[in-house]
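Shown next, in structure tokens, is the structure this report addresses.
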Amino acid sequence: MRWALVKVALAVTTMVVVAFAVPLGLVVREMARDRAFSNAERQAAALAPALSITTDRDQLERVVASAGSGAGLAVHLPAGDGEPALHLGRQRAAAEDIAAVRSLGRASTSTVTGGSTLLQPVALSSGVAVVEVYVPESEVTNGVGTAWAVLGAVGVGLVVGSVAVADRLGVRMVRPARRLVRGARDLGEGKLGARVPEEGPTELRLAAVAFNSMADQVVELLANERELAADLSHRLRTPLTVLRLNAASLGDGPAAEQTRAAVEQLEREVDTIIRTAREAKPQTAAAGPGAGCDAAEVVRDRMAFWSALAEDEGRTWRMAGADRPVRLPVARADLAAALDALLGNVFRHTPEGTAFAVDVHNGDDAVIILVSDAGPGIPDPDAAMARGRGSGSDGSTGLGLDIVRRLAESTGGDVRIGRSVLGGTEIRMWLQLDGRKPVRRGHRGAVRRRRRPALAAGFNRSRSLP
């Protein structure tokens, strides 16, 4: 907008200056020419009384000399009474021009070398005399160059001044707009304290007021949501206490120990939710150098937890790729929660005895975690990825896959649902290692990303394994 205003002001002012300066310059030149020839006419008129009194050569030479411009004056007397024509001074005009003026009886101008001449006829008793006044070109253009320079300087000054004023007006309009854009970007990046100064033109000032009001409402809504999440999570403490007491009374044995461990983990998760809600911190923070977790260790730990239930339900399972460290830039608790959501879906939505597998594929720039089963599959993957949609069964909130998706997108990756080699559902969680941000297109779960050839080739080969 700023440069647009400057260009408009430059174009308009230039047109105005040209429209007025060019005609005014031509008028100045014409006025200088008229002034020069007016002076020549006065000089010619000053000789007319002397010519009417006498035609003596000596007297006329003294009169021409006393005129002060002897080098530019000439007198041409006609012949008469047996005397030849008399020419006083330097003749510059052509003889034909002089004869024409004498015969026509009116003044005329002619162009000569270095300027022009004014031929003025004077009636005498013996005929018509012609007074020739030389007007040099320097006298015709005297002051024209200076006048044009002044007009040009004034025109340039007007153009520069108008551009400067337009630029200041543009800055006054653009600066609040840029602050509004910067504030919107900061708010979109999660900086809830971003506010915009309520300055500038009326429209932009009203927009800043509306933006600040919206930001305040967003902060208030988020605070209310955090409080509600903390309160709802706190309500789980009472049933958790009952579960912990009941688990303590189960005695010894692997099942009892696993039950007590599950209750303790659930209590830790509830405490984490409450702290996160109270402190207004994201559950998945950006990992710095050395931060993150070992994906292989987390996969082994969660498979050890779910293997007991799989054994009770007669499910066969397989784990591959978790025999060597696989570093990921995500928190261990977040990755464990995502794996529990995926494995919990297998146990919740497939019949007992259904086989499942977990595969970890490690590449230079990404890690793929595959959870596949031999169940009936997911008929509508898009609906399954929709947050809060659920499966329609009791106990399904529709947040499990959304937790997985948000974890993958926090690294620049994504989540895809397909058909597994076991015949059922395959959920692929792609986790980026280079920290690139995803490019979102369409709905909130869609992520467009360039796949690395090496990792994609290894992933395709692994799908063909039994």
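For the sequence shown, my numbering begins at 455 and goes up steadily by one. Cβ coordinates follow ideal geometry from the N, Cα and C atoms, glycine included.
Give the secondary structure of residue i by DSSP, where H, G and I count as helix, E and B as strand, and everything else as coil.
i           : result
residue 560 : coil
residue 572 : strand
residue 596 : coil
residue 824 : strand
residue 818 : coil
residue 831 : coil
residue 659 : helix
residue 674 : helix
residue 722 : helix
residue 590 : strand
residue 914 : Unreliable positioning characterises residue 914 in this predicted model, as indicated by a pLDDT of 45, which lies under 50. A coordinate reading is not provided.
residue 648 : coil
residue 643 : coil
residue 713 : helix
residue 682 : helix
residue 633 : helix
residue 456 : helix
residue 780 : coil
residue 461 : helix
residue 772 : strand
residue 787 : helix
residue 565 : strand
residue 578 : strand
residue 583 : strand
residue 702 : helix
residue 811 : strand
Under the assumption that residue i contacts residue j (Cβ atoms under 8 Å), give the Cβ distance between them as a whole number of angstroms.
i           : j           : result
residue 573 : residue 586 : 6 Å
residue 807 : residue 873 : Not confirmed; about 20 Å, so no contact.
residue 826 : residue 880 : 4 Å
residue 589 : residue 571 : 7 Å
residue 787 : residue 865 : That pair is no contact at about 15 Å.
residue 887 : residue 821 : 7 Å
residue 597 : residue 486 : 6 Å
residue 774 : residue 813 : 5 Å
residue 713 : residue 704 : 6 Å
residue 885 : residue 782 : 6 Å
residue 634 : residue 661 : 6 Å
residue 753 : residue 776 : 4 Å
residue 746 : residue 784 : 6 Å
Please report the distance separating the alpha-carbon of residue i from that of residue j.
i           : j           : result
residue 870 : residue 882 : 5 Å
residue 673 : residue 708 : 47 Å
residue 862 : residue 823 : 10 Å
residue 642 : residue 636 : 10 Å
residue 629 : residue 458 : 15 Å
residue 517 : residue 595 : 29 Å
residue 710 : residue 857 : 29 Å
residue 702 : residue 717 : 10 Å
residue 576 : residue 604 : 41 Å
residue 561 : residue 599 : 29 Å
residue 490 : residue 624 : 50 Å
residue 638 : residue 795 : 34 Å
residue 532 : residue 569 : 26 Å
residue 488 : residue 601 : 16 Å
residue 462 : residue 610 : 16 Å
residue 657 : residue 678 : 32 Å
residue 622 : residue 460 : 9 Å
residue 771 : residue 765 : 9 Å
residue 649 : residue 683 : 26 Å
residue 501 : residue 565 : 22 Å
residue 582 : residue 559 : 8 Å
residue 698 : residue 680 : 27 Å
residue 619 : residue 654 : 16 Å
residue 724 : residue 659 : 45 Å
residue 762 : residue 815 : 25 Å
residue 632 : residue 644 : 19 Å
Between which residues of its own chain and residue i is the CB-CB distance below 8 Å, once the five residues before and five after are set aside?
i           : result
residue 828 : 804, 808, 809, 810, 874, 876, 877, 878
residue 613 : 464, 467, 468, 471
residue 451 : An answer regarding residue 451 cannot be provided, because it is not within the stretch 455 to 920 covered by the chain.
residue 742 : Any reading at residue 742 must be qualified, since the residue scores a pLDDT of 47, below 50, and its modelled position is unreliable; no value is offered.
residue 839 : 855, 856, 859, 869, 871, 899
residue 478 : 605
residue 529 : 501, 505, 514, 518, 540, 541, 542, 543, 583, 584, 585, 586
To which residues of the same chain is residue i closer than 7 Å at the C-beta, ignoring the five residues directly before and after it?
i           : result
residue 797 : 756, 760, 825
residue 663 : 652
residue 779 : 748, 750
By Cβ distance below 6 Å, which residues in the same chain neighbour residue i in space, the five residues on each side in sequence not counted?
i           : result
residue 593 : 490
Is it the case that the CB of residue i approaches a heavy atom of the ligand SAH more closely than 8 Å?
i           : result
residue 611 : Inclusion of the ligand SAH in the displayed structure is not the case, the ligand content being empty and no account of it being possible.
Kindly provide the ranges of any alpha helix (DSSP H) runs that are 4 or more residues long and lie completely inside the region 463-550, ordered along the chain. Taken in chain order, the whole alpha helix (DSSP H) runs of length 4 or more contained in the region 463-550 are 511-520.
In chain order, what are the residue ranges of uninterrupted beta strand (DSSP E) at least 3 long that sit wholly in the region 865-890? For the region 865-890, whole beta strand (DSSP E) runs of length 3 or above, ordered along the chain, are 868-873, 879-886.
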